[in-house]
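Residues in the sequence shown are numbered consecutively from 125, following our numbering. Quick reminder that beta carbons are idealized off the backbone N, C-alpha and C, glycines included.
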Amino acid sequence: MDIDDILEQHNIKPTAVRVLIYREIQKINRVFSLSSLEDILKTVDKSTIFRTLTLFQQNHLIHTIDDGSGSVKYSMCGNNCCLNIDELHPHFHCEQCQNTFCLTSLKIPPVSLPNRYHLSSINFVLKGICPACGN
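Rendered as structure tokens:
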């Protein structure tokens, strides 16, 4: 499926800039920040990149990660961006290299909330040293 089709499937009009941004996100193929994408797309206005990332997130092409670093991270979605709480996965933030990784092979354990509490989101971030830094 080409990028135009992917965007249209998610109810996003495939403009030239949106296609360019999505193509770069595919090339990155890992967790990224707004600033790292801005460094790659020097010719695209920063506010356009931010608005496009917001649109992609709202339409379940990417998901956001708050890893505690003070900079929101983004990652491509696999299963329609984990629309169900039981499909969410944890993330790992390396305290040495500052990279964040999706741990898609793991699932977030279920949490039983007391009566009258309603869960809307979960942010599950593990911190430590990644395999590359541990060697």
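- Each residue's CA atom was taken as its position, placing glutamine 181 and leucine 227 some 19 Å apart.
- With contacts defined as CB atoms closer than 9 Å, isoleucine 173 and leucine 185 fail to qualify as a contacting pair.
- DSSP places isoleucine 189 in the uninterrupted beta strand (DSSP E) bounded by 186 to 189.
- Counted as a single uninterrupted DSSP element, the beta strand (DSSP E) harbouring glycine 252 occupies residues 249 to 252.
- Taking 9 Å as the cut-off, the Cβ atoms of tyrosine 198 and valine 143 do not count as close.
- Sixteen is the threshold: since fewer than 16 other Cβ atoms of the shown chains lie within 10 Å of the Cβ of proline 233, the residue is exposed.
- The continuous alpha helix (DSSP H) containing cysteine 257 extends over residues 255 to 258.
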